[in-house]
Amino acid sequence: MPRVTILKVDQDGNEWIDIAGLFWADDPLREILTVEEVSGGGQAETLEQHQEQASIKLEMEHAKSHTDSDAVVHPEQALVLLRTLPLLQQLPEDSLPEIADTLKTFHYGPGETIVQHNTGGERLYIIWRGEAKVVSPPEETSIGHTESTLRCGDYFGLASPVSARQSYRADVFAVSEVTCLQLAHDRADLIGNSSVWNWSEPSITVESCLLVEKIEPNLFKSVVPERNYRRKVRNTFGGQTIGQALIAASRTVDPGYTQDSLHCYFLRTGKENDPVEYKVERTRDGMSFATRHVQAIQFGKIIFVMYASFKRPEDTPSFEHNTNPMPSSPSPDELIQDEVHYDNFLMDPRLPLSVKQRYAGVKLPLGPVDVRPCENRDRFRAVKTEARLSLWMRARGRVSDDAVIHGGAACYCSDIALLGVALRPHPENKQSRLQMLSLDHSMWFHGPFKADEWFLYEVTGPWAGDGRGLCNGRIYQNGELVVTVTQEGLLRQLEDKVEKAAKL
631 MPRVTILKVD
641 QDGNEWIDIA
651 GLFWADDPLR
661 EILTVEEVSG
671 GGQAETLEQH
681 QEQASIKLEM
691 EHAKSHTDSD
701 AVVHPEQALV
711 LLRTLPLLQQ
721 LPEDSLPEIA
731 DTLKTFHYGP
741 GETIVQHNTG
751 GERLYIIWRG
761 EAKVVSPPEE
771 TSIGHTESTL
781 RCGDYFGLAS
791 PVSARQSYRA
801 DVFAVSEVTC
811 LQLAHDRADL
821 IGNSSVWNWS
831 EPSITVESCL
841 LVEKIEPNLF
851 KSVVPERNYR
861 RKVRNTFGGQ
871 TIGQALIAAS
881 RTVDPGYTQD
891 SLHCYFLRTG
901 KENDPVEYKV
911 ERTRDGMSFA
921 TRHVQAIQFG
931 KIIFVMYASF
941 KRPEDTPSFE
951 HNTNPMPSSP
961 SPDELIQDEV
971 HYDNFLMDPR
981 LPLSVKQRYA
991 GVKLPLGPVD
1001 VRPCENRDRF
1011 RAVKTEARLS
1021 LWMRARGRVS
1031 DDAVIHGGAA
1041 CYCSDIALLG
1051 VALRPHPENK
1061 QSRLQMLSLD
1071 HSMWFHGPFK
1081 ADEWFLYEVT
1091 GPWAGDGRGL
1101 CNGRIYQNGE
1111 LVVTVTQEGL
1121 LRQLEDKVEK
1131 AAKL
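Numbering (my numbering), first residue to last: 631 to 1134.
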């Protein structure tokens, strides 16, 4: 079975898995799969029966057309297979003949390589007949390797409407005589956004996630955004709570002050479909600084507390230095959106067909933040790496010119991918059940920040122990350090299932 999951258990005992190994806000990857589905269970038996029936039907077509192992598969024959693929079920029926006309036929003898590990490729492969083996060679720093079998109706590849430099992470070779139908990258638009690459426009924006309405001078209430999709995990994203709390506090401060730091604790898990009240205490209003204490209350209980400090700009020159310059990295235009990484994951030959079939054509929303990792790591492999990660980000869509909203957006983005970096030196975590959640979060603001412009987020995990992980983050924009972040989170390995009533 491919080792592709990290099982998570939240504070309420809800279980979910993270395919990407990173923790984006509103990440649909953590929503859609169960352990049974990834391991090939669940619906696998039904899908295998469906595949077997399709295979029998195709063999009948083969016999009727008298094709041999060297023959070209005619579009009429290919159309029979295309109609059985859930990958293409969202397409109009009249588009399938055009795809069938475009497919090229390739034959491979026993032992012949179809695709090779660490080589580039930009085409979609569909197994027409025969049997192929998928082998991902082990590496010195990894745990185990992946091996699986492909048969009629299986598909894999790196073709997508988005231009992306990708390499195969496994060898695929023919066990018997294999015939493949191939769709070249330059024709990937034929199956575009309605099938595999099925991302809709963002259902919510960063700004809509952060909206709070004023109830009383010191009391605010979150506005729950409407989502056009159903989520299995409905716990509030921590960055959203931090951002809303900071915005509520900012609305009680004179406009001449801007946020300079915040320190907060997560006490209970919030529920995203229910509003949260933010009670602001005006702790102090001084000549240079103002301090606010915020309590986030849901269902009558305090779920989160924050102290936030605000400062007037200095009127005279001040000492300035920065010993942490922006690290070198590729530009965001050279990198792949995280959604494309997800698309490639669904087309990986190592992923069980049952998973591919279940989620082909499922409409997923784009997240409110465009996230582009500076590395392209293999999400199937448990590899020990340094506790360090860099990502380019920006909010999707335009954010209003209100500096308070951009400050809240910085909070929102600061919680993306932060805690997961502490697990990178521990590849054995992919074989463990984990409880992960944020415990506290601190931020220092050093300069102006625009959420809808590209910024680099460098995160590190310098320490882990006693069931906790410490993570640091630095946000750079236009070459300048604008925000520093520190977070401690729970990283608890679980032996048995957590009861829903369990408390920390």
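From the three backbone atoms N, C-alpha and C, an ideal C-beta is built for every residue, glycine too.
For the beta strand (DSSP E) that contains residue i, what are its first and last residues?
i     : result
I834  : Note, I834: premise wrong, no beta strand (DSSP E); not H, not E.
I845  : 842-846
H1076 : It is not in any beta strand (DSSP E) - H1076 carries neither H nor E in the DSSP assignment.
A1047 : Run containing A1047: none; DSSP gives neither H nor E here.
A762  : 762-766
Q1123 : 1110-1124
V1089 : 1085-1095
E911  : 907-915
L897  : Where L897 is concerned, there is no enclosing beta strand (DSSP E), given that its DSSP letter is neither H nor E.
I757  : 753-759
G1103 : 1098-1107
F867  : Run containing F867: none; DSSP gives neither H nor E here.
S852  : 849-852
K887  : First, the amino acid is wrong: residue 887 is Tyr here, not Lys. No beta strand (DSSP E) holds Y887; DSSP gives it neither H nor E.
G787  : 785-787
Using beta-carbon positions only, say whether residue i and residue j come within less than 7 Å of one another.
i     : j     : result
A879  : V924  : yes
Q889  : F940  : yes
A1025 : V836  : yes
A800  : R980  : yes
M956  : G1095 : no
V1029 : F1075 : no
E807  : R864  : no
T743  : F786  : no
W1084 : P962  : yes
A708  : L811  : yes
V703  : E761  : no
R942  : Y887  : yes
T1015 : R988  : no
K763  : T749  : no
S1044 : T1116 : no
E840  : K909  : As written in the sequence, residue 840 is Leu, which differs from the Glu given in the question. Their beta carbons are not under 7 Å apart, which means L840 does not touch K909 by this criterion.
L1135 : G1037 : This structure leaves residue 1135 out entirely; the chain is present only between 631 and 1134.
G1077 : G1099 : no
R759  : T714  : no
P855  : I834  : yes
L717  : N952  : no
I756  : C782  : no
Among the candidates the options, whose CA atom is the shortest distance from the CA of residue i?
i     : options                   : result
Y1042 : E1058, I729, R1009, F1079 : F1079
L1121 : E911, H1076, I932, A1052  : A1052
E1125 : G1095, R1063, S1072       : R1063
A730  : H747, G739, L754          : L754
R1002 : V910, K844, A1047, P855   : A1047
H747  : V765, H951, G1038         : V765
L1069 : D784, F867, L711          : F867
M1023 : C1004, K1014, I1035       : C1004
T913  : L1067, T882, Q928, A926   : T882
R857  : M917, A926, P998, E969    : P998
P767  : A1012, P1057, D1045       : A1012
S838  : Q719, G930, A1039         : A1039
E969  : N954, D1000, G1037, L1100 : D1000
S958  : G900, K986, D884, Y1106   : Y1106
E846  : P885, T953, H815, E911    : E911
Q1123 : L1067, P716, C1101        : L1067
P960  : E777, H737, Y1087, T735   : Y1087
Which stretch, first to last residue, makes up the alpha helix (DSSP H) that contains residue i?
i     : result
L1147 : An answer regarding residue 1147 cannot be provided, because it is not within the stretch 631 to 1134 covered by the chain.
V883  : First-last for V883: undefined, no H or E at that position.
P727  : 726-732
G1038 : 1033-1044
Y972  : 968-976
A814  : Run containing A814: none in the alpha helix (DSSP H); it sits in the beta strand (DSSP E), 808-814.
Q746  : That residue, Q746, is in no alpha helix (DSSP H); it is neither H nor E in DSSP.
A800  : Neither: A800 is in no alpha helix (DSSP H) and is coded neither H nor E.
L712  : 705-712
Uninterrupted beta strand (DSSP E) stretches inside the segment 986-1025 (no shorter than 3 residues)
As for any beta strand (DSSP E) of minimum length 3 sitting wholly inside the segment 986-1025, the runs are 999-1003, 1018-1025, ordered along the chain.
Contact between the segment 1015-1023 and the segment 1080-1091 (3+ Cβ pairs under 8 Å):
Short answer: they touch.
Please give the ranges of any alpha helix (DSSP H) in the segment 923-965, keeping only runs that are unbroken, at least 4 residues long and fully inside the region.
Under the rule that a run must span 4 or more residues, no alpha helix (DSSP H) segment is found entirely inside the segment 923-965.
Is it a yes or a no for the segment 887-906 touching the segment 928-938, going by three-plus beta-carbon pairs under 8 Å?
Contact holds between the segment 887-906 and the segment 928-938, because three or more Cβ pairs, one in each stretch, are under 8 Å apart.
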